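Asks:
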Amino acid sequence: QTPEGVTVDGKTGKVTIPAKKVKDGSDVKAKDKKGENTSSEATGKAKNNPTTPATTPDAP
């Protein structure tokens, strides 16, 4: 079972965590557990959320 909002692609094993659930630039660690078997810990770094550039209205 995965935490709320976390998805795992059954074909590739790619794990996706919603941007609002992890701090930009933080370390992310995961383990897979099936029955009594547990995988080695995998570590990655969270990417920064995309930002929307500031916009200014056109002059009249």
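Be aware that the sequence shown starts at 109, since it is given in my numbering, and climbs by one per residue. Just so it is clear, CB atoms sit at the ideal spot from N, CA and C, and this is done for glycine as well. Quick caveat: nothing in here was measured; it's all calculated off a predicted structure.
In its own chain, which residues sit with a C-beta less than 7 Å from the C-beta of G152, not counting the 5 before and 5 after it?
Replies: Along the sequence shown, read from residue 1 onward, the residue named residue 152 stands at position 44. Around G152: V136.
Asks: Could you spell out the range, first to last residue, of the beta strand (DSSP E) harbouring K137?
Replies: Here the question's residue 137 lines up with position 29 in the sequence shown. It spans 135-138 - the beta strand (DSSP E) in which K137 sits, taken as one unbroken run.
Asks: Which residue's Cα is closest to the Cα of K122: G133, D132, T110?
Replies: Position 14 of the sequence shown, counted from the first residue, corresponds to residue 122. Comparing Cα positions, the closest option is T110.
Asks: Which residues bound the beta strand (DSSP E) around T151?
Replies: Here residue 151 refers to the residue found at position 43 when the sequence shown is read from its first residue. Looking at the DSSP string, the run of the beta strand (DSSP E) that includes T151 is 150-153.
Asks: For K131, which of T164, S148, T159, K155 has the nearest alpha-carbon?
Replies: Counting from 1 along the sequence shown, the entry for residue 131 is found at position 23. It is K155.
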